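One structure is given here, and the rest of the page talks about it.
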Amino acid sequence: METLIPTINRLQEVFLTVGAEVIQLPQIVVVGSQSSGKSSVLESLVGRDFLPRGSGIVTRRPLVLQLVNVAPLQDRLKSENGNGVKQNAQSSYPGVKAEEWGTFLHCKNQIFADFQEIRREIEAETERGSGDNKGITPEPIYLKIFSPKVLNLTLVDLPGITKVPVGDQPEDIEAQVQEMILSFISNPNSLILTVSPANSDLATSDALKLAREVDPDGRRTLLVVSKLDLMDAGTDALEVLLGRVIPVRLGIIGVVNRSQHDINTQKSLEDTVRDEHAFLQRHYPSLASRAGSRYLAKTLSRLLMHHIRDCLPELKTRVTVLSAQYQARLNSYGQPVEDHSATLLQIVTKFASDYCNTIEGTARYIQTSELCGGARICYIFHETFGRTLQSIDPLGGLTELDILTAIRNATGPRPALFVPEVSFELLVKRQIKRLEEPSMRCVELVHEELQRIIQHCSSYSTQELIRFPKLHDSIVEVVTGLLRKRLPVTNEMVHNLVAIELAYINTKHPDFTDAAQVSASVNSQQAEALDGGKRWKNEKVAEERIPPAGFGSPSKSQAINLLDSAMPVSRKLSSKEQRDCEIIQRLIKCYFLIVRKSIQDSVPKTVMHFLVNFVKEHLQSELVGQLYKQGLLQELLIESQDTAQQRTEVAQMLEALKKANNIISEMRETHLW
Ligand code: GDP
Ligand code: MG
Numbered sequence: 005m006e007t008l009i010p011t012i013n014r015l016q017e018v019f020l021t022v023g024a025e026v027i028q029l030p031q032i033v034v035v036g037s038q039s040s041g042k043s044s045v046l047e048s049l050v051g052r053d054f055l056p057r058g059s060g061i062v063t064r065r066p067l068v069l070q071l072v073n074v075a076p077l078q079d080r081l082k083s084e085n086g087n088g089v090k091q092n093a094q095s096s097y098p099g100v101k102a103e104e105w106g107t108f109l110h111c112k113n114q115i116f117a118d119f120q121e122i123r124r125e126i127e128a129e130t131e132r133g134s135g136d137n138k139g140i141t142p143e144p145i146y147l148k149i150f151s152p153k154v155l156n157l158t159l160v161d162l163p164g165i166t167k168v169p170v171g172d173q174p175e176d177i178e179a180q181v182q183e184m185i186l187s188f189i190s191n192p193n194s195l196i197l198t199v200s201p202a203n204s205d206l207a208t209s210d211a212l213k214l215a216r217e218v219d220p221d222g223r224r225t226l227l228v229v230s231k232l233d234l235m236d237a238g239t240d241a242l243e244v245l246l247g248r249v250i251p252v253r254l255g256i257i258g259v260v261n262r263s264q265h266d267i268n269t270q271k272s273l274e275d276t277v278r279d280e281h282a283f284l285q286r287h288y289p290s291l292a293s294r295a296g297s298r299y300l301a302k303t304l305s306r307l308l309m310h311h312i313r314d315c316l317p318e319l320k321t322r323v324t325v326l327s328a329q330y331q332a333r334l335n336s337y338g339q340p341v342e343d344h345s346a347t348l349l350q351i352v353t354k355f356a357s358d359y360c361n362t363i364e365g366t367a368r369y370i371q372t373s374e375l376c377g378g379a380r381i382c383y384i385f386h387e388t389f390g391r392t393l394q395s396i397d398p399l400g401g402l403t404e405l406d407i408l409t410a411i412r413n414a415t416g417p418r419p420a421l422f423v424p425e426v427s428f429e430l431l432v433k434r435q436i437k438r439l440e441e442p443s444m445r446c447v448e449l450v451h452e453e454l455q456r457i458i459q460h461c462s463s464y465s466t467q468e469l470i471r472f473p474k475l476h477d478s479i480v481e482v483v484t485g486l487l488r489k490r491l492p493v494t495n496e497m498v499h500n501l502v503a504i505e506l507a508y509i510n511t512k513h514p515d516f517t518d519a520a521q522v523s524a525s526v527n528s529q530q531a532e533a534l535d536g537g538k539r540w541k542n543e544k545v546a547e548e549r550i551p552p553a554g555f556g557s558p559s560k561s562q563a564i565n566l567l568d569s570a571m572p573v574s575r576k577l578s579s580k581e582q583r584d585c586e587i588i589q590r591l592i593k594c595y596f597l598i599v600r601k602s603i604q605d606s607v608p609k610t611v612m613h614f615l616v617n618f619v620k621e622h623l624q625s626e627l628v629g630q631l632y633k634q635g636l637l638q639e640l641l642i643e644s645q646d647t648a649q650q651r652t653e654v655a656q657m658l659e660a661l662k663k664a665n666n667i668i669s670e671m672r673e674t675h676l677w
């Protein structure tokens, strides 16, 4: 079975890698009548003699014997001294200086390096559990044997089947033992090793009968015929061994164990195996190659191998799936930086193009939850800004009194015949000024959006940036800086747009001429009316604001009044005044709409030209100019701790999975089976 060890150990590695339960090898349970040689068979399988054996009932409690493969002492010591021999946690036992040793569950911390002592402990524990007078108990003794020469396998030694109670044994001893045996062999993951001595009638073998009960198809039952050396002279077990008496699907294997005399004289296991071989050669030459303890071990190996092979396809699938998952994760971390300047340029370029694409609406990653980038800028222009402008009342904040005051101020000391143009200019400018505030706000909103796109690109689009927090921060800083630099320029331009409108009131504007004509005609009518002494009918009540002398704004100072009162005076509006008001209002409205239309059109264009497009065009060169500096590269491209560590871990896992995959493939191809 030792040939299986390397295989199992390698597989173990695979299982540890994929985080699966370590492969469950079948548990081998020996079943047979009392003194049939069960303990002896187990011992020869383990290769060490440490089980109590003898005549009468010796095994009186189940012994669950868990074999644990460990690295040779030499290697273990090396790894303890930190010499880098890699061990998995299972095979490193710091502090244990024995090559092979045992431990019991009932005295966990005690290391039994002497196998004679293990036997004594089993005997003592048996007596503790079931008394010293042949009583049996179903309570198992758990023993672990650690050795570089064993398979990770569990063997179960059971009390023999007995019929007649002796000593303290209860009347139903037979039933009790049977129940105990059944509880172990009904486990479908157990291999039943029925042991029958050659010197008794196989047909009456209770062991085989019990095995049939739980394994009617004989898929996991093996028959060991012991004591071939003790047969009556002139008889042999050939018929039995050939399966002619009772066929056993997995095989019938004859063995010669140590006799009581051999045990008493401490015959070594090596000698026993050699003598067994000689015996078989002499008495069963035709069967010699298919009998004996060695062959039994080999057969068990083969059965275990089959079991392992059955597990492989599932294991393979698992490894493949995990590999794909880890590969994807590794890809997402990107490759470790080798060429710093190329990496930096690549990331900066990617960021710049992501940024521009987000504005253009051609980004790969398009948000669906809210407007962003170019679409949002469009929204700001046409919805936010456009609507605000539309909602401005051309005559808002302008009372008739304001108009009248302006007219009177414009005419100076003489009463005017015509509506003075100066008052129109004065008043319309006041209204145009109201366009400035929303225009400036529009710049601000677009600026904010451009700022938002930085965040958007650095966290969603340009994944690589997550790896390099320093570069991330620097990029944000540079772009923010660029935006900030463009803000005053754009603001000034937009301010100027309004200023330009204020600079010259173009009453010859093509869209204004109609209104201008109307006012002209009204003016002339009014002149006629005055000439003819006609009166306007509807007279309105208005307030007149007459500031005290020398207390007006300079523009109104022409209208210095003689009355020494600041109190508004209510009086009726003359028809002429009312008419004048209407004319002025109409003109203001008309001219204001022209200007508003122009501002509504030119502000977005200005913002695009001075801010958005400028940033788009200069982003890449600004980033490169500020970040692509030899002294900076290393520092900017320091990965975040997380990324670096995770990549290493994932890469290691992937490596382990590859190895696991190779192991599985190799195993499936070998013809060991
Ligand atoms: P168990 O009760 O089934 O565990 O049987 P043991 O292994 O304790 O063996 C009972 C006795 O039979 C011991 O004295 C063994 O030495 C002896 N014995 C077992 N197998 C053989 C065998 O193949 N040949 C001879 N000569 N004696 C054997
Ligand atoms: Mg026994």
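For the sequence shown, the numbering used here begins at 5 and goes up steadily by one.
Built from N, CA and C at the ideal position, the CB exists for glycine as well.
Because the structure is a prediction, the values reported are computed rather than measured.
N-terminal and C-terminal residue of the beta strand (DSSP E) that D275 is part of:
Note, D275: premise wrong, no beta strand (DSSP E); alpha helix (DSSP H) at 273 to 287.
Taking all protein chains shown into account, decide if L661 is buried (16 or more other Cβ within 10 angstroms of its Cβ) or exposed.
buried
Just to confirm the assignment, what range does the beta strand (DSSP E) spanning C111 have?
111 to 116
In the DSSP assignment, what are the bridge partners of Y680?
Within the shown structure, residues of the chain are numbered from 5 to 677, placing residue 680 beyond reach of any answer.
Please name the residue or residues paired with D161 in a DSSP beta bridge.
V34, L67
Note down the Cα distance separating I256 from F150, rounded to an integer number of angstroms.
30 Å
Roughly how many angstroms separate the alpha carbons of T484 and Q455, rounded to a whole number?
7 Å
Let me make sure I understand the geometry here. Which of Y383, I470, C360 has the alpha-carbon closest to that of I457?
C360
Whether L402 touches Q589 by CB criterion (9 Å):
yes
How is the beta strand (DSSP E) around V447 delimited, first residue to last?
V447 -> not in any beta strand (DSSP E); alpha helix (DSSP H) instead, spanning 440 to 460.
Assuming D477 contacts I598 (C-beta within less than 8 Å), just tell me the rounded distance between them.
Contact doesn't hold; Cβ gap of about 48 Å is too wide.
Check: R124 C-beta below 8 Å from any heavy atom of ligand 2
R124 Cβ: outside cutoff for every heavy atom of ligand 2.
Would you mind sorting S187 into buried or exposed? The rule is 16 or more other CB atoms within 10 Å of its CB.
S187 sits exposed, since fewer than 16 C-beta atoms from the chains shown fall within 10 Å of its C-beta.
Cutting at 6 Å between CB atoms, please list the residues of its own chain near L159, excluding the five before and the five after it.
I32, L46, L69
With distances taken from CA atoms, which of L245, L157, I587 is nearest L408?
By alpha-carbon distance to L408, the top candidate from L245, L157, I587 is I587.
Run the CB neighbour count on K231, radius 10 Å, all protein chains shown included, and call it buried at 16 or more, exposed below.
It is buried - the Cβ of K231 has at least 16 other Cβ atoms within 10 Å.
Restricting to runs no shorter than 4 residues, where is the alpha helix (DSSP H) found entirely within the stretch 370 to 406?
378 to 383, 390 to 395
State the Cα-Cα distance for the pair P192 and D176, rounded to the nearest angstrom.
27 Å
Three CB pairs or more closer than 8 Å across the stretch 426 to 438 and the stretch 321 to 335
no
By a C-beta neighbour count over all protein chains shown, 10 Å radius and 16 as the cutoff for buried, is E318 buried or exposed?
Exposed is the call here.
Tell me whether S290 counts as near ligand 1, meaning its Cβ is closer than 8 Å to at least one heavy atom of that ligand.
no
Would you mind reading off the limits of the alpha helix (DSSP H) that contains S194?
Per DSSP, S194 belongs to no alpha helix (DSSP H); it is in the beta strand (DSSP E), 194 to 201.
Under the three-state reduction of DSSP, which class applies to I256: helix, strand or coil?
strand
So P163 and T269 are in contact, right, with Cβ under 8 Å, and what is the actual spacing, rounded?
No, P163 and T269 are not in contact; Cβ-Cβ is about 26 Å, not under 8 Å.
Verify the CB distance criterion: does F150 have a CB-CB separation below 9 Å to chain C?
Absent from the structure is chain C; it holds one protein chain and no more.
Supposed contact pair L486 and H344 - C-beta distance, whole angstroms, cut 8 Å:
H344 to L486, Cβ: 23 Å. No contact.
With DSSP collapsed to three states, give me the class of G635.
helix
Could you tell me the alpha carbon to alpha carbon distance between E243 and Q114, rounded to whole angstroms?
48 Å
CB of I679 to nearest heavy atom of ligand 1: below 8 Å?
The shown model of the chain, from 5 to 677, leaves out residue 679, and the question about it has no answer.
Grab the span of the alpha helix (DSSP H) containing V218 for me, first residue to last.
210 to 218
Looking at the structure shown, is N617 part of a helix, part of a strand, or coil, going by DSSP?
helix
V616 to E452 span [Cα, whole Å]:
Using only the alpha carbons, I get a separation of about 11 Å.
Count the CB pairs spanning the stretch 8 to 22 and the stretch 318 to 327 that are closer than 8 Å, and state whether there are at least three.
yes
Where S625 and I381 are concerned, what is the direct C-alpha to C-alpha distance, given to the nearest angstrom?
23 Å
L469 and I603 - do their beta-carbons sit closer together than 9 Å?
no
Compute the Euclidean distance between the alpha carbons of I396 and Q630, then round it to the nearest angstrom.
If you take the alpha carbons of I396 and Q630, they lie about 44 Å apart.
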